[in-house]
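Structure record follows, encoded as structure tokens.
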Ligand SMILES: N[C@@H](CCC(=O)N[C@@H](CS)C(=O)NCC(=O)O)C(=O)O
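In the numbering used here, the protein residues as written are 86 to 286.
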């Protein structure tokens, strides 16, 4: 399999962590690319021009991080990241994380193109309120209350990547000092080898 990615994409990082957690490191070749430069190889496999994109061994191209995560989870081995017995809970948790990634990523891109005006407009303020609500919901989440993300699920991975991305790109929010329980939970997750190997730099 081939995974198209770049180093700062939270979406691509989710796919990569799932591959590592499911024992697929050797089975997935990493194809580094710049999605913002209309990379020809990426466009050939994903006309949306976005990372991550996965090409399976039979040549099928998949876009969208959560669909790729589902595919890799089905192909790999070891503890199931999408256990059937808790599917709704895991997907609900993953959705909160994906919402946080979307709001943070859109903020970063809007700033890049519009400068600080991006934050003061109607959409910028909506994004900020969404981030604050999502953080408060995750702080009170039953998964957070467990203290440790064990056994690991796709929800934990997406939420963990979202929190890392917030600290990486929107450090002024200083989410860990406002959400102590979430920070403790996240600290345990960040120590995993799959998170360490894929850290944002
Ligand atoms: N919903 C998509 C979002 C993917 C996405 O927006 N990726 C960004 C990088 S973080 C990208 O490739 N952007 C390039 C573009 O939008 O042209 C997913 O979950 O995979």
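Backbone N, C-alpha and C define an ideal beta-carbon position, used for all residues, glycine too.
Among the options, nearest to residue i - alpha-carbon criterion
i           : options           : result
residue 280 : 91, 101, 90, 88   : 101
residue 150 : 142, 143, 137     : 137
residue 177 : 148, 226, 217     : 226
residue 274 : 246, 104, 261, 93 : 246
residue 118 : 215, 134, 269     : 134
Pairwise C-alpha distance: residue j and residue i
i           : j           : result
residue 168 : residue 106 : 14 Å
residue 264 : residue 185 : 15 Å
residue 233 : residue 284 : 19 Å
residue 91  : residue 286 : 11 Å
residue 141 : residue 205 : 43 Å
Sub-8 Å separation of residue i and residue j beta-carbons
i           : j           : result
residue 139 : residue 86  : yes
residue 154 : residue 239 : yes
residue 224 : residue 266 : yes
residue 89  : residue 131 : yes
residue 212 : residue 179 : no
residue 243 : residue 183 : yes
residue 104 : residue 97  : no
Residue i CB to nearest heavy atom of ligand 1 below 7 Å
i           : result
residue 136 : yes
residue 41  : Outside the displayed range of the chain (86 to 286) lies residue 41, so it cannot be described from this structure.
residue 132 : no
residue 251 : no
residue 117 : no
residue 149 : yes
Test: residue i CB closer than 8 Å to a CB of chain B
i           : result
residue 183 : Judged by its chain identifiers, the structure shown contains no chain B, having just a single protein chain.
Legend entry - Cβ contact (3+ pairs, closer than 8 Å) linking the stretch 241-261 and the stretch 181-195: yes
Inset, instruction - Give a yes or no on contact between the stretch 194-210 and the stretch 154-169, applying the rule of three or more CB pairs nearer than 8 Å. - result: no
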